[in-house]
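Novice: Questions regarding the structure given below will be posed in turn.
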Amino acid sequence: MKREKTHIIPPAERASPDLSSGKYLVMWQGPQHPGITGNMSLRLVAEGDTVVDCETHVGYLHRGFEKLMERRLWMQNFPLVCRIAVPEPDFNEYCYAAAIEELAGIQIPEKAVWLRTLSLEMMRLASFLMWIGGQAGAFGHGTIIQWSVTMRDYVLDLFEELTGGRIYHMYIIPGGVRSDVPKGFLRHVLEVLNVVEKNLDDIELVMFHNAIFKLRAEGLGYIPKEWIDQYGITGPNARAAGVARDLRKDWGYLAYPKLDFEIILGTKSDAYERSRLRLLEMYQCINLLRQIIDAMPKEGSFKEKLPNPLHWKIPAGETYVAAECTRGEYGFYVVSDGSDKPRRVTVRGPSYTHAVSVMERLARGTNIADIAGLMVSLHTYPPEIER
Amino acid sequence: MDIKDFIAPFAVWKRAFEKPFTVKKPIDQRPGAPRYRGFHKNDVEKCVGCGTCEAICMNKAIDLVPVAGREAKAGDSGLRPKIDYGRCCWCALCVDICPSGSLSMSNEYLWIDRDPDAFRYVPGVDKKPWDEAKLGYARAEGYRLLEGKRVEMAELPHAEAIKSFLELVRGYSREQAEKEADRCVSCGVCVASCPVHMDIPGYIKAVRDGDLTTGLRLLYETNPFPEACGRVCTHLCEEACSIGSGGDPVAIRWLKRYIADQVELSNYGQILPRAEPSTGKKVAVIGAGPGGLSAAYYLALLGHKVTVFEKDEAAGGMLRYGIPEYRLPYPALDKDIGYIESLGVEIKRGAAVGPGLSLASLRRDFDAVYISTGLPLAYGLEIPGDSHPSVLDGVAVLAAATRGEALGLGAKVAVIGGGNVAMDAARTALRNGASVDILYRRREEDMPADPQEIAEAKAEGARLIEKAIPLEVKDAEEGGARFVWNEARMVQKEEGKRPVPETIPGAIREERYDSIIAAIGQGPELSFVTEEDGIAMKRFKPQVSREGKTSAGKVFAGGDLVNDRKDAISAIADGHRAAQGIDRLLGGKGA
């Protein structure tokens, strides 16, 4: 059985349907909806079961982080930033710490570089494991999430062991990290990686060789290559369109230049391709973690001495520091006026583009039942849209 | 799409009977990881209530509160952190920064309580099941947010030091001072311990900000002797410093000195407050020591005309005649005194109150009198032979050194006593080329001298003979005198009190010395006070109110003469309070 998928490229302009005609149904998806991956909402206008217009509504999760940061000492913001992207806090911690270090001219110890890389890759794995359950669930496949969330919990156990926290790790602190690895920790990581890897094989089998998943995901949410720069699409969403863009390679921060890996690329740029690419990146992540554990220095300091955090003033200046998170380029633009608090912090979450502009456009012409699957295939976290 | 896509999904069944990862609480228990950041624990005995946890908490979840049965004392505010778990985010920055290291966290996962107020409690005081938990988040080895080590002060090497009276301590450079000032957490626990309650966090902040003008202004608010106190203060503040609870205390004294050293005397006038317009009232101060001159400074600021009567040929009292030049160089002292004089304070040097200038005449000619004559008379050894010509008095030796007189101590000197005068006398003798033994009746840890002074005296070559109870001074045929003492042992006579020395029968030692310097304490010299003056005394001390007022109208007294601490900073505190009291007496507001 062969089914040709044709890519519909939705128009750039929004439709203006005549809502009084009785032809259209207006419905809200979210802000409380599992297919939204967080607190935001889509106002959909459907004709039959086809969406003709989509408007994204954010603001349900606005906590004003960027403004809060202007009123707190540099160090006090360290426990705050992790909350900007709840399922993936470490990238916030890293970007914020690295931005301060750059402005203050601090070189962190080698050990801290590796521990940060370890923590970020563990985070990537945990985040992908949560996503994949959502992706399968959005197409009605409820088993995968039970497996993958268990796997994620194993990784969270590791985080608990390393950092003392399961969700908000608050491990990457300006100047380095907060502690060395506990005794036996690296062995635990390797054990968990083996279990996760075996599980991924199962997931690959039942999710990616699944008629329903294929039928619904293939051809869904096609992102043409030209959109990548137009919309500022990054991460797996861009790589699935064949654009080799990965900050771990492009910027080569932390220990990534010392690790052996290639950028994984796709071609079809639809929901299936993006999902498959993320699965491959999970395997890559496991491989990177094994490399990190092998290459990490066993001894050495994990934190640079810093001035008293109560009076710490960062030299005036501005910088942009970014890292490749699971969803793409995650960046912090930090401005210091030389005082003990940031003058301005702006967070660039990849979801801003993916969940607002790209989502609105891709939704047009999509079957209403596929909206959740489409949204999850863009892998967005609404918390990072509202900083 | 192929056939596999229809069959493969059925593979999910193979995992249907696997054990789930879920914990069935309360049937199953899963302890938190050893590092888990659970509810707080606080070792309340170790905690000093400095509130640094409160300062770093970005959620304002911590509040320092009074707790039953705990009073404020030196180095402890008596307050303890109360944590509001409605606000806490378990980041543990409070644990990371805690200067004493008293805060930590348990690895407790869950706590259920129907009462919402239960989630605000004082760890360590309000008992919780996890108080004794062994595991939980604590600062990792080698990880600290605060610097525990103070910036080292450059000092003359000991071998070099004893060759001259050059100042030992070099003082901080700007970079060093700012780095040291950065260690302060501005908790203010020190302020209560300082007899004059200097705004220590304020002037340390001024150092940090490079704003020495503000720094100097803050110093002079309560202390007109920053140069002297910046060098020789007994620094009770540093003993109270919260940073000292888990490392070296902030070098508060050196930072004070840094401010005073950096500002030229000629600029003081523009920075410091000007005197109020003249009130036309006259005040006499007897004794130009730190106490008398402090009173004079604050009285002059309030617009009173102050005349200071000093028996010696130079002003400064014990700061000049009791403290050797290598600890307090005369130019530094002169700078402090110079500024006080520049406000119109008249110091009559060589004008001893006594016959010819009676207290009664001062009371007649002035609107108020402040007596601050200190303790100039050294106690004798009170043993047979203590009037031997080789037995000298420590205060007199130090005064003679200040005057530049030949001391003639000889090659072998004994210093009897364990206070700062004893250490100063010993180190003065060392600088005069003598070999020095310091004999003290108790142990080194019981010595009232500043531990740093004891350490320096030893480092400079003084030999410390502990538990030596003086018995006799005998004439020595070879010249000088033989000092005889009885060795003692320490006996705990009463529970909770410090042990006392008890002579060991027969353990008599003796040694010949060229000079024996007695430095076992001093008493007042109040021969100028007559019964007609009507000043009520108790144990040779004038009885005074909080502001130094004696029972005789318009006569105030303060300083070593009156207080128990007998140090410069306490004399300054007395002088400041007396100035306020005198101002009130003269119709002012006392501030």
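Read top to bottom, the protein sequences are chains A and B. Using this note's numbering, the first residue of the first sequence is number 532, and each one after it goes up by one. Using this note's numbering, the first residue of the second sequence is number 75, and each one after it goes up by one. Beta carbons are placed, not taken as given, at the ideal position from N, Cα and C, and that holds for glycine.
Residues of chain B with a CB under 9 Å from the CB of residue 719 of chain A: which are they?
Specialist: Near residue 719 of chain A there are no residues of chain B at all, since even the closest Cβ is about 10 Å away, more than 9 Å.
Novice: Can you check which of these residues, A/808, A/806 and A/790, is closest to residue 821 of chain A by C-alpha distance?
Specialist: Comparing Cα-Cα distances from residue 821 of chain A to each of A/808, A/806 and A/790, the minimum goes to A/790.
Novice: Note down, in chain order, every chain A residue with its Cβ under 7 Å from the Cβ of residue 371 of chain B.
Specialist: Residues of chain A passing the Cβ test: none, with the nearest at roughly 32 Å.
Novice: Taking all protein chains shown into account, do 16 or more other C-beta atoms lie within 10 angstroms of the C-beta of residue 102 of chain B, making it buried, or fewer, making it exposed?
Specialist: By the 10 Å Cβ count, residue 102 of chain B comes out exposed.
Novice: So which residues of chain A does residue 257 of chain B contact, with C-beta pairs closer than 7 Å?
Specialist: Those are 839, listed as they occur along chain A.
Novice: Based on the DSSP secondary-structure assignment, which residues constitute the bridge partners of residue 875 of chain A?
Specialist: Paired residues: A/866.
Novice: Show which residues of chain A have a CB atom less than 7 Å away from the CB atom of residue 219 of chain B.
Specialist: 840, listed in chain order.
Novice: With distance defined between alpha-carbon atoms, name the residue in B/253, B/402, B/173 and B/139 nearest to residue 158 of chain B.
Specialist: The shortest Cα separation from residue 158 of chain B among B/253, B/402, B/173 and B/139 belongs to B/139.
Novice: How about residue 900 of chain A and residue 585 of chain A: do their beta carbons lie closer than 8 Å?
Specialist: Result no, Cβ atoms of residue 900 of chain A and residue 585 of chain A do not sit closer than 8 Å.
Novice: Under 8 Å Cβ-Cβ, which residues of chain B neighbour residue 835 of chain A?
Specialist: Ordered by position in chain B, no residue passes the 8 Å Cβ test against residue 835 of chain A, which lies about 11 Å from the chain.
Novice: Can you name the residues that DSSP bridges to residue 490 of chain B?
Specialist: Its beta-bridge partners are B/513 and B/592.
Novice: Would DSSP call residue 275 of chain B helix, strand or coil?
Specialist: Helix.
Novice: With C-beta atoms as the reference, is residue 801 of chain A less than 8 Å away from residue 748 of chain A?
Specialist: In this structure, residue 748 of chain A lies closer than 8 Å to residue 801 of chain A by Cβ.
Novice: Since residue 79 of chain B meets chain A, which of its residues come closer than 8 Å, beta carbon to beta carbon?
Specialist: Correct list: 740, 741, 742 and 745.
Novice: Give me the chain A residues within the contact set of residue 132 of chain B, using Cβ-Cβ distance strictly less than 9 Å, ordered along the chain.
Specialist: Correct list: 599, 603, 604, 606, 607, 608, 609, 610 and 611.
Novice: Around the C-beta of residue 244 of chain B, are 16 or more other C-beta atoms found within 10 angstroms, so that it is buried, or is it exposed?
Specialist: Flag for residue 244 of chain B reads exposed.
Novice: Please determine, among A/883, A/688 and A/651, the residue with the shortest C-alpha to C-alpha distance to residue 787 of chain A.
Specialist: Among A/883, A/688 and A/651, the Cα nearest to that of residue 787 of chain A belongs to A/651.
Novice: Where are the alpha helix (DSSP H) runs, 4 residues long or more, that stay fully inside the segment 638-720 of chain A, in chain order?
Specialist: Complete alpha helix (DSSP H) runs here, min 4: 641-669 and 673-694.
Novice: Name the two residues that bound the continuous alpha helix (DSSP H) containing residue 116 of chain B.
Specialist: Residue 116 of chain B -> not in any alpha helix (DSSP H); beta strand (DSSP E) instead, spanning 114-116.
Novice: Does residue 731 of chain A come out as helix, strand or coil in the three-state DSSP assignment?
Specialist: In the structure shown, residue 731 of chain A sits in a helix (DSSP, three-state: H, G or I).
Novice: Got a sec? Which residues, its chain only, sit under 7 Å from residue 473 of chain B by beta carbon, not counting five neighbours each side?
Specialist: Result list for residue 473 of chain B: 395, in chain order.
Novice: Below 9 Å on C-beta distance, what does residue 83 of chain B contact in chain A?
Specialist: Within chain A, the residues near residue 83 of chain B are 672, 674, 736, 737, 738, 740, 741, 742, 743 and 744.
Novice: Just to confirm the assignment, what range does the beta strand (DSSP E) spanning residue 560 of chain A have?
Specialist: Residue 560 of chain A -> beta strand (DSSP E) spans 555-560.
Novice: Check residue 545 of chain B in the structure and name its three-state DSSP category.
Specialist: In the structure shown, residue 545 of chain B sits in a strand (DSSP, three-state: E or B).
Novice: In angstroms, rounded to a whole number, what distance separates the CA positions of residue 342 of chain B and residue 382 of chain B?
Specialist: Between residue 342 of chain B and residue 382 of chain B, the C-alpha separation is close to 22 Å.
Novice: Taking Cβ-Cβ distances below 8 Å as the criterion, which residues of the segment 684-696 of chain A are in contact with chain D?
Specialist: Absent from the structure: chain D. Protein chains present are A and B.
Novice: With C-beta atoms as the reference, is residue 670 of chain A less than 8 Å away from residue 743 of chain A?
Specialist: Closer than 8 Å, so yes.
Novice: Where do the N-terminal and C-terminal ends of the alpha helix (DSSP H) with residue 371 of chain B fall, by residue?
Specialist: 364-375 is the span of the alpha helix (DSSP H), which, as asked, contains residue 371 of chain B.
Novice: On the criterion of 16 or more Cβ atoms from any shown chain inside 10 Å, does residue 532 of chain A qualify as buried, or is it exposed?
Specialist: Below a pLDDT of 50, predicted positions are generally treated as unreliable, and residue 532 of chain A, at 44, falls in that range; the measurement from the model is reported next regardless. Residue 532 of chain A should be labelled exposed.
Novice: Mind checking which residues open and close the alpha helix (DSSP H) that includes residue 311 of chain B?
Specialist: First-last of the alpha helix (DSSP H) with residue 311 of chain B: 310-314.
Novice: Answer yes or no: does any C-beta atom of chain B fall closer than 8 Å to that of residue 653 of chain A?
Specialist: No, its Cβ sits nowhere closer than 8 Å to a Cβ of chain B.
Novice: With burial defined as no fewer than 16 other Cβ atoms inside 10 Å of the residue's Cβ, what is the status of residue 657 of chain B: buried or exposed?
Specialist: Classification of residue 657 of chain B: buried, given that the 10 Å Cβ count is 16 or more.
Novice: Of all the CB atoms in chain B, is at least one closer than 8 Å to the CB of residue 867 of chain A?
Specialist: By this cut-off, residue 867 of chain A is not an interface position.
Novice: Would you give the residue range spanned by the alpha helix (DSSP H) that residue 780 of chain A belongs to?
Specialist: Start and end: 778-781.
Novice: Of the choices A/816, A/817, A/776 and A/781, whose alpha-carbon is the least far from that of residue 797 of chain A?
Specialist: The shortest C-alpha separation from residue 797 of chain A is found at A/776.
Novice: Determine the contact status of residue 572 of chain A and residue 565 of chain A, defining contact as a CB-CB distance below 8 Å.
Specialist: No, these two residues do not count as a Cβ contact at 8 Å.
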